[in-house]
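**Q** Each residue of the sequence shown is one higher than the one before, starting from 0 at the first, in numbering that gives the first Met the number 0. Can you read through this structure? Questions will come right after.
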Amino acid sequence: MSLRAALPRSLRRAPLGVALLFALASTAPAVALADTAAADAKTLDQVNVVGTQAAPSSTTRLPITLQETPQSTSVIGIDRLQDEALFSINDVMRNVTGVSVSFYDTQRPLYYARGFTITDFQVDGLPTYSGSTNQEYDTAFYDRVEVIRGANGLLSGAGIPSATVNLLRKRPGKDFDASIAVSAGSWDFRRLEADVNAPLTSDGRFRSRVVAAYTDRDLYYDRYKEDKMAGMAVLEGDITDSTTVSLGYQRQDNNPVGSTWGTVPFFNSDGTFAHLPRETNLAPKWSYWQRETSTVFSNLEQRFGENWLLKLNTAYTRGNVQNVRVYGSGYPDPVTGSGMYLLAGAGDAEDTRKGADLYLSGKFPAFGREHDVVIGGSYNNLEATTWTLTSVANWRYDIPNIRDWNGDIPELTASRTGARRIAHTKQSGIYASTRLRLADPLSLIAGARLSRWETLSRSYNAAGAYTGTSGAYKVTDEVTPYVGLVYDIVPDFSVYASYTEIFNPQNYKDRNENLLAPVEGSNLEAGIKSQWFDGRLTANAAIFEAKQDNYAVRDMSLPDGSLSDGSSAYIGVNGTKSRGWEVDVNGEILPGWTVNAGFTHVKVTRAATDLLYANPPEDLLQLNTSVRLPGVLERLTVGGGLQWQSKVEGYNIQYPLGGTRTVTQPSYMLVNLHANYRISDSWTASLNVRNALDKTYWANLDYNNYGEPRFVSASLRWAF
0 MSLRAALPRS
10 LRRAPLGVAL
20 LFALASTAPA
30 VALADTAAAD
40 AKTLDQVNVV
50 GTQAAPSSTT
60 RLPITLQETP
70 QSTSVIGIDR
80 LQDEALFSIN
90 DVMRNVTGVS
100 VSFYDTQRPL
110 YYARGFTITD
120 FQVDGLPTYS
130 GSTNQEYDTA
140 FYDRVEVIRG
150 ANGLLSGAGI
160 PSATVNLLRK
170 RPGKDFDASI
180 AVSAGSWDFR
190 RLEADVNAPL
200 TSDGRFRSRV
210 VAAYTDRDLY
220 YDRYKEDKMA
230 GMAVLEGDIT
240 DSTTVSLGYQ
250 RQDNNPVGST
260 WGTVPFFNSD
270 GTFAHLPRET
280 NLAPKWSYWQ
290 RETSTVFSNL
300 EQRFGENWLL
310 KLNTAYTRGN
320 VQNVRVYGSG
330 YPDPVTGSGM
340 YLLAGAGDAE
350 DTRKGADLYL
360 SGKFPAFGRE
370 HDVVIGGSYN
380 NLEATTWTLT
390 SVANWRYDIP
400 NIRDWNGDIP
410 ELTASRTGAR
420 RIAHTKQSGI
430 YASTRLRLAD
440 PLSLIAGARL
450 SRWETLSRSY
460 NAAGAYTGTS
470 GAYKVTDEVT
480 PYVGLVYDIV
490 PDFSVYASYT
500 EIFNPQNYKD
510 RNENLLAPVE
520 GSNLEAGIKS
530 QWFDGRLTAN
540 AAIFEAKQDN
550 YAVRDMSLPD
560 GSLSDGSSAY
570 IGVNGTKSRG
580 WEVDVNGEIL
590 PGWTVNAGFT
600 HVKVTRAATD
610 LLYANPPEDL
620 LQLNTSVRLP
630 GVLERLTVGG
640 GLQWQSKVEG
650 YNIQYPLGGT
660 RTVTQPSYML
670 VNLHANYRIS
680 DSWTASLNVR
690 NALDKTYWAN
700 LDYNNYGEPR
710 FVSASLRWAF
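Okay, structure coming up:
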């Protein structure tokens, strides 16, 4: 039986997804009528991201505002997610200051910040990323997305000094509120979304929220189709006046076919540029790359008076990814189109992740001032199973003519042999942070984490018998510091400096067969933060240096495979460093006129032997603005933006006539447009255009793929 035939079908097909959405829509009015208190319901309390917000920080857990945080942070709230049709995390990341976005292929996005890849993704502060089942998160679940640039080791533990992405889920409110949105756009894009908040008691003490979204789309690539189902249900209750608990479940299924793996060729067989159309897809109709993730999560908040809070977040996640994928090789003949051939791969992986974070935060008096403190601990356990499949290594198909190939070839299948490898990775740590008010205008924010990290893999044969353990490696007593100073020049204008660290374990040995120490990452930053108009507008500027030392590279003084287990020796090298500066402006300049803008310059240097990182652009500009028109047009809001980046270069690109070449993508700018019209208090229509000028560009040079052409979508939202 093929992998695809064996896949579970729950919540996958369109009829079920649509049925769930319509069920939500039909039950919402009944809930409203049944609850007399909800009859006068107002809209849900929403988090408006301004400088005065004091939620638990994603950098320290301290209750400090963005203005008081000594690190660069961007927040995209629910209004922007809806108004600008930011339906996926890819859409969000394109709008974050200092973040560049590219793709290996249709299913694997690649994000960079400060010269390093972003791998630290969290939901409500708990790690969620797994290389095998990482998803393009649907934003329907989330109230806002926070991106902390630089090292965030105090709370993350292991990672890279690039950025941390924290997605904050929507929570139930005490009043009834609901909305339904339908969207349609280019390449048969269709989306249906519902969000229902319903109190379960007349006083809202117990409440619920249900969110569902169904997306069906093609892409500009030939033959590509995807349907995606996302659903979440949350129950929350105030057990006492000081105790709140919540329990929820969410699931997301991504089901693409015709999905790509790898690249399209730069060159023809004669060495000229191929200039293949943007819709070129080297995958056949039957290739697929399906991912499913389901999570049970809980939250406990226990308040002790006005100044102390105990909070526990837990999550249990199961995910799987199954695929049969195809990539192209060779170079097309410029006349006949022949010369390209396909090779295949298949994958079947599952993982289970258990996570918890517990912390106590509060205030204490000392030396005539009030200070803040947080003490906490976190635990994360990942078990990842990779199944051995029947081999597809000998499969090959020669494309007759790449310029008119329709992808219609016999389907390739793969199935489990029964053999598997199970990798266990555990990380735990305790952390503490504090804000000490040294003087009226001066605060010291400091903290540290003590981490333990360990991993090993166990293998089993087709009969299920244990065959051995490999890759055992552990890091103990790893200390990660965090220190920052914030000085308020005037109440709404401050300067800051901070130093943060992070570590990343690596399972490589030196010539003496000793394991290398972890990669050490750090971020040194200084900047200015200001806020205007009661916090409705913020403006920030920062300079930074991010480093990564002791990264493993081959020890070229020894032959390949020289160690006793047949592996190669490595050495740790220092010198991967990025330096730069950024400015960031967000908020309302004038009543009805908002701006979100950021510019980043970063220069990356690395050791000559460090070939890990691709070449993200040195300069990035993201700009978005919207204006609510005055007078008789006050119901209309129009806006637009641009995304500009400097040139990038792809090195060591294989050349058909021998050797390698460097390929350059010149600087380019993408223009985006959007408009919203408030038809009534309940109905809103919106129009969004991405890449309005239909710019052709390469989104990735190391895995050369075209960027998205012009995309137009329209939405209609009903709030009741």
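By construction, the Cβ of each residue, glycine as well, lies at the ideal position given by its N, Cα and C atoms.
Have a look at Ser25 and Val195 and give me their C-alpha separation to the nearest angstrom.
**A** Because the pLDDT of Ser25 is 42, which lies under 50, any placement of that residue in the model is unreliable, and the number read from its coordinates should be weighed accordingly. Distance between the alpha carbons of Ser25 and Val195 is about 11 Å.
**Q** In chain order, which continuous runs of the beta strand (DSSP E) of length 3 or greater are located wholly inside the stretch 54-135?
**A** For secondary structure counted as the beta strand (DSSP E) over 3 or more consecutive residues, the stretch 54-135 holds these complete runs in sequence order: 72-76, 98-104, 107-112 and 119-122.
**Q** Closest to Arg709 by CA distance: which of Pro108, Ile88, Trp186 and Thr96 is it?
**A** Trp186
**Q** Taking only runs of the beta strand (DSSP E) that begin and end inside the stretch 545-578, which ones reach a length of at least 3 residues, in chain order?
**A** 550-553 and 569-572
**Q** Measure from the alpha carbon of Val670 to the alpha carbon of each residue in Ala691, Leu167, Arg627 and Leu275, then state which is nearest.
**A** Ala691
**Q** Between the beta-carbon of Val244 and the beta-carbon of Leu199, is there less than 8 Å?
**A** no
**Q** Identify, in the order they occur along the chain, each residue of the same chain with its Cβ nearer than 6 Å to the Cβ of Tyr720, setting aside the five sequence neighbours on each side.
**A** Given a span of 0 to 719 for the chain in the structure shown, any question on residue 720 remains unanswerable.
**Q** Nearest by alpha-carbon distance to Gln505: which of Gly158, Arg143 and Met668 is it?
**A** Measuring from the Cα of Gln505, the nearest candidate turns out to be Gly158.
**Q** Is Arg605 near Thr575, with beta carbons less than 8 Å apart?
**A** yes
**Q** In chain order, what residues of the same chain have a beta carbon less than 8 Å from the beta carbon of Ser155, not counting five sequence neighbours either side?
**A** Asp119, Gln121, Pro126, Thr163 and Ile501
**Q** Could you pull the start and end residues of the beta strand (DSSP E) that Ser450 belongs to?
**A** Leu441 to Tyr459
**Q** Which residues in the same chain have their Cβ closer than 7 Å to the Cβ of Tyr287, if we skip the five residues on either side of it in sequence?
**A** Arg3, Pro255, Val256, Ser258, Asn322 and Val323
**Q** Roughly how many angstroms lie between the CA atoms of Ala545 and Ala150, to the nearest whole one?
**A** For Ala545 and Ala150, the gap between their C-alpha atoms comes out near 8 Å.
**Q** If you draw a straight line from the alpha carbon of Lys173 to that of Ala197, how long is it in whole angstroms?
**A** 8 Å
**Q** Quick one: grab the DSSP three-state call for Gly16.
**A** Reliability fails at Gly16, whose pLDDT of 43 lies under 50, so the model's placement of it is uncertain and no value is given.
**Q** Apart from the five residues just before and just after Tyr702, which ones in its own chain have a Cβ nearer than 6 Å to its Cβ?
**A** Tyr103 and Thr262
**Q** Taking DSSP's pairing of strands, which residues face Asn380 in a bridge?
**A** Lys353 and Lys425
**Q** Within a Cβ cutoff of 6 Å, which residues of the same chain sit near Val711, ignoring the five residues on either side of it in sequence?
**A** Gly184, Ser185 and Val688
**Q** Just how far apart, CA to CA, sit Gly367 and Glu382?
**A** 50 Å
**Q** Nearest to Gly534 by CA position, among Asn549, Gly586 and Asn573, is which residue?
**A** Comparing Cα-Cα distances from Gly534 to each of Asn549, Gly586 and Asn573, the minimum goes to Gly586.
**Q** If you compare alpha carbons, which of Ser681, Ala413 and Asp397 is closest to Leu388?
**A** Ala413
**Q** Leaving out the 5 sequence neighbours to the left and right, which residues in its chain are closer than 6 Å to Ala674 when beta-carbon positions are compared?
**A** Val637 and Leu686
**Q** Val720 and Leu281: beta carbons closer than 8 Å?
**A** Since the first and last residues shown for the chain are 0 and 719, residue 720 lies out of range.
**Q** Do we get a CB-CB distance below 8 Å when we pair Ala314 with the residues of chain D?
**A** You won't find chain D in this structure, because it holds only one protein chain.
**Q** Only counting the same chain, and skipping five residues up and downstream in sequence, which positions put a Cβ closer than 8 Å to that of Glu633?
**A** Arg627
**Q** Out of Pro655, Tyr136, Ala538 and Gly520, state which residue places its alpha-carbon closest to the alpha-carbon of Lys528.
**A** For the residues Pro655, Tyr136, Ala538 and Gly520, the minimum Cα distance to Lys528 belongs to Ala538.
**Q** Just the Cα atoms here: how many angstroms apart are Val98 and Glu581?
**A** 11 Å
**Q** Considering Cα atoms alone, identify which of Gln70, Arg168, Leu191 and Leu167 is closest to Ser178.
**A** Nearest C-alpha to Ser178: Leu191.
**Q** By a C-beta neighbour count over all protein chains shown, 10 Å radius and 16 as the cutoff for buried, is Phe115 buried or exposed?
**A** buried
**Q** Is it the case that the stretch 233-244 contacts the stretch 202-221, given that we only count it when at least three CB pairs across the two stretches are under 8 Å?
**A** yes
**Q** How is Ala177 classed by DSSP in three states: helix, strand or coil?
**A** strand
**Q** Buried or exposed: Lys473, going by 16 or more other Cβ atoms within 10 Å of its Cβ?
**A** exposed
**Q** Less than 8 Å between the beta carbons of Leu341 and Arg395, yes or no?
**A** yes
**Q** What are the start and end residues of the beta strand (DSSP E) that includes Leu692?
**A** Here Leu692 belongs to no beta strand (DSSP E), and DSSP marks it neither H nor E.
**Q** Between the beta-carbon of Ala445 and the beta-carbon of Val482, is there less than 8 Å?
**A** yes
**Q** Between the alpha carbons of Asp618 and Lys602, how many angstroms are there, rounded?
**A** 9 Å
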